[in-house]
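**Student:** Following this message is one structure expressed as structure tokens.
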Amino acid sequence: MVIFDQIFFPYFSLVHQTMKKDNLSSSSSSISNSQNVRNHFLCRHQVPTILRTVKKGIQVGKRFHGCSFWPNNGCGFFKLEDEVLDESGLQMNFLEMKRLFEEKVDKLKLKNKKLKEEVMTSRFETRNRKN
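One point on numbering: in full-length UniProt numbering, the residue at position 78 of the sequence shown is 78, and numbering is uninterrupted.
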């Protein structure tokens, strides 16, 4: 998948933009943006998004994932990189908690098994003492 991302998708946006007759002026901006293609988000076109930088407004300088068909046929997909990092941190915390929980369950199962064996052993010893 990495080779596919490195070879094909960096040029996808550029080819799409340059094929549009009414968008010849934006093809140069798609060249710089095409280097930032990410495969972990698909826009509403089901195409990998491009990591861009906000140029105007109150969020100038922030990085975001956006539709690779923007500005002409963009679907409006927009996700700030900060949100992505927060989500991935939450996901990692969740996965770590899940792993710890599963370890604890395994330990409790083992402890339960040992206790059952201990009960069976003590029952056997009690029966032998009576006989």
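Every residue, glycine too, gets a C-beta built ideally from N, C-alpha and C.
What you are looking at is a predicted structure, and each value in this text was computed from that prediction instead of being measured.
Do the region 62-73 and the region 41-51 meet, that is, are 3 or more Cβ pairs less than 8 Å apart?
**Tutor:** Cβ pair count under 8 Å is three or more, so yes.
**Student:** Cutting at 7 Å between CB atoms, please list the residues of its own chain near Gly61, excluding the five before and the five after it.
**Tutor:** The residue you call residue 61 lines up with position 61 of the sequence shown. Only Thr53 and Val54 meet the Cβ criterion.
**Student:** Looking only at C-alpha atoms, which of Leu108, Pro48, Asp82 and Gly57 sits nearest to Gly74?
**Tutor:** As a working mapping, residue 74 is identified with position 74 in the sequence shown. The option with the nearest alpha carbon to Gly74 is Pro48.
**Student:** Quick check: what's the CA-CA separation for Gly76 versus Leu51?
**Tutor:** On the sequence shown, position 76 is the one that residue 76 refers to. On the sequence shown, position 51 is the one that residue 51 refers to. In a straight line, the C-alpha of Gly76 is about 14 Å away from that of Leu51.
**Student:** Helix, strand or coil: which one does DSSP assign to Phe69?
**Tutor:** Residue 69 sits at position 69 when you count from the first residue of the sequence shown. The answer is coil: DSSP assigns Phe69 none of H, G, I, E or B.
**Student:** Rounded to whole angstroms, what is the Cα-Cα separation between Gln115 and Phe94?
**Tutor:** The residue labelled residue 115 in the question sits at position 115 within the sequence shown. The residue labelled residue 94 in the question sits at position 94 within the sequence shown. One detail in the question is off: residue 115 reads as Leu in this sequence, not Gln. Whole-angstrom Cα-Cα distance: 31 Å.
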